[in-house]
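Peer 1: Protein chains in written order, with this note's numbering: chain D, 2 to 113; chain S, 761 to 871.
Can you keep this structure in mind? I'll have questions shortly.
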């Protein structure tokens, strides 16, 4: 089944404790991206990647890192999480040029 | 940046009713998509429709790019149509794509 898989789906952590949210797709898509969804603010893009080793900032990249060492994986790294990063996070992928997004199921992160 | 406004913000329907959701955007775009977020939070792509009209079952969408709006039509609504509908717009060029999402229309369909 074609899908985007995110892990973990739920996580509660404490301020400053580094964490990684993984994202993997099995559709051979070149384009991958991360979003956060917050009440009243909607969905905002954090980072995107057009291919292996090619990443770029979205609208709200502060406090996040990404890497794209393999085509299928695009992890989101929070080096020193803070409470304002408490949010619902989505990973998405698309064939380049089409930009028709397929989303993962979401990861709900709480930073205490 | 591009401004995206969706209306109405909330909609309550009886099963079987029809509805029209609107997405206005402030600048020219070559990428527009409609998504449905179900009550469990899952985001499903409904249409990729930068211009023209498309239909998929009870759902159809029309984008008039020159007038900077898109409409999503839901006919004979069902309880499973409940959730939030988002439009996302943006320029996409050479693989680069940073979509701007609207705030969504929250739809509740009662049996």
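Every residue gets a Cβ at the ideal spot worked out from N, C-alpha and C, and that includes glycine.
Along chain D, in chain order, which residues have C-beta atoms closer than 7 Å to that of residue 861/S?
Peer 2: 43, 44
Peer 1: Can you tell me the Cβ-Cβ gap for residue 808/S and residue 797/S, rounded? I've got them flagged as a contact below 8 Å.
Peer 2: Incorrect: roughly 17 Å between the Cβ atoms, too far for contact.
Peer 1: For residue 770/S, does the three-state DSSP call read helix, strand or coil?
Peer 2: DSSP, reduced to helix, strand and coil, places residue 770/S within a strand of the structure shown.
Peer 1: Which value, in whole angstroms, describes the spacing of the CA atoms of residue 13/D and residue 812/S?
Peer 2: 44 Å
Peer 1: Looking at residue 833/S and the ligand NAP, is the gap between the Cβ and the nearest heavy atom below 7 Å?
Peer 2: Because no ligand of any kind appears in the structure shown, any question about the ligand NAP cannot be addressed here.
Peer 1: Between residue 104/D and the rest of its own chain, which residues show a CB-CB distance below 6 Å, the 5 nearest in sequence each way excluded?
Peer 2: 91, 93
Peer 1: Given that residue 808/S touches chain D, what residues does it touch there, using C-beta distances under 7 Å?
Peer 2: Result: 101.
Peer 1: If you drop the 5 nearest sequence neighbours on each side, which residues of the same chain put their C-beta closer than 7 Å to that of residue 857/S?
Peer 2: 791, 850
Peer 1: Should the stretch 813 to 822 of chain S be regarded as contacting the stretch 56 to 64 of chain D, the criterion being three or more beta carbon pairs within less than 8 Å?
Peer 2: no
Peer 1: Under 8 Å between beta-carbons, which chain D residues line up against residue 798/S? List them in chain order, please.
Peer 2: Taking the beta carbon of residue 798/S as reference, no residue of chain D falls within 8 Å; the closest one sits roughly 11 Å away.
Peer 1: When burial is assigned at 16 or more other CB atoms within 10 Å of the CB, is residue 840/S buried or exposed?
Peer 2: exposed
Peer 1: Is it true that the CB of residue 82/D sits closer than 8 Å to the CB of residue 44/D?
Peer 2: The criterion of a C-beta distance shorter than 8 Å is not satisfied by residue 44/D and residue 82/D.
Peer 1: Quick one, which of 107/D, 111/D, 113/D, 66/D has its alpha-carbon nearest residue 801/S's?
Peer 2: 107/D
Peer 1: Based on the DSSP output, what are the partners of residue 867/S in its beta bridges?
Peer 2: 771/S, 843/S
Peer 1: Report yes if the CB atom of residue 48/D is closer than 8 Å to the CB atom of residue 109/D, and no otherwise.
Peer 2: no
Peer 1: I want to verify the contact list: residues of chain D whose CB lies under 8 Å from the CB of residue 802/S, in sequence order.
Peer 2: Going along chain D in sequence order, the residues near residue 802/S (Cβ under 8 Å) are 104, 106, 107.
Peer 1: In the structure shown, what three-state DSSP assignment does residue 805/S receive?
Peer 2: strand
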